[in-house]
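Residue numbering for the sequence shown follows this note's numbering, starting at 105 and increasing by one per position.
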Amino acid sequence: MSLNPRDIVVVDGVRTAMAKAKNGAFRNVRAENLSAAVMQALFTRNPNLDPSEVDDVIWGCVNQTLEQSMNIARNAAIMTGIPRTVPAQTVNRLCGSSMTALHIAAANIKAGMGDFYVIGGVEHMEHV
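Rendered as structure tokens:
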């Protein structure tokens, strides 16, 4: 298969384990730690990916309150070791927040506004 430079390619998909919301396995883990663990797993599983080459971190989050506020995408990216020179944004489109993150990254790639985006989302139900 021949790829065009502007073709959209998903390199990997990572998620946390699932647990019940109330008194669940993640009750003592903050949302930005969960997000950072997912981001770190992406780079651990794909050692040829260079965090300094990320064009933007785009993270979906509906309830941007408490620990999920203050641009959780940025906080998780910094915790992951992605350089502070890489921008990060948190988007809210209710249940479609993470999908919107994907759409923003795909549109930017198609428009020639970047090549490498880290996208995903978080919703820590026990903490909001």
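Even glycine gets a Cβ: it sits at the ideal position worked out from N, Cα and C.
Pair within 8 Å by beta-carbon distance, I176 and I223
Taking 8 Å as the Cβ cut-off, I176 and I223 do not qualify as a contacting pair.
>> Taking the alpha helix (DSSP H) that I213 belongs to, which residues open and close that run?
In response: 201 to 214
(Q) Going by beta-carbon coordinates alone, are V226 and A123 separated by less than 8 Å? (A) Taking 8 Å as the cut-off, the beta carbon of V226 is found no closer than this to the beta carbon of A123.
field: Buried or exposed (CB count within 10 angstroms, at least 16 for buried), M143
entry: Of the other Cβ atoms in all chains shown, 16 or more fall within 10 Å of the Cβ of M143; this residue is therefore buried.
- CB-CB under 8 Å to A205, same chain, minus the five flanking residues each way: which ones, in chain order? The answer, listed in chain order, is I162, W163, G164, V195, I223, G224, G225.
Q.
Strictly by DSSP, which residues pair up with R197?
A. C199
Can you have a look at V158 and say buried or exposed, based on whether 16 or more other CB atoms are within 10 angstroms of its CB? buried
Checklist line | Same chain, Cβ closer than 8 Å to A129, neighbours up to 5 away in sequence not counted | finding: A121, A123
Taking the beta strand (DSSP E) that V222 falls in, what are its first and last residues? Bounds of the beta strand (DSSP E) holding V222 are 221 to 225.
query: Helix, strand or coil: how does DSSP classify V142 here?
result: helix
task = Could you pull out every residue in the same chain whose Cβ sits closer than 6 Å to the Cβ of T184, ignoring the five residues on either side in sequence?
result = Excluding sequence neighbours, T184 sits near A140, M143, Q144.
### Query
By a C-beta neighbour count over all protein chains shown, 10 Å radius and 16 as the cutoff for buried, is L138 buried or exposed?
buried
Worksheet item: With 16 as the cutoff for other CB atoms within 10 Å, does D154 come out buried or exposed?
Response: exposed
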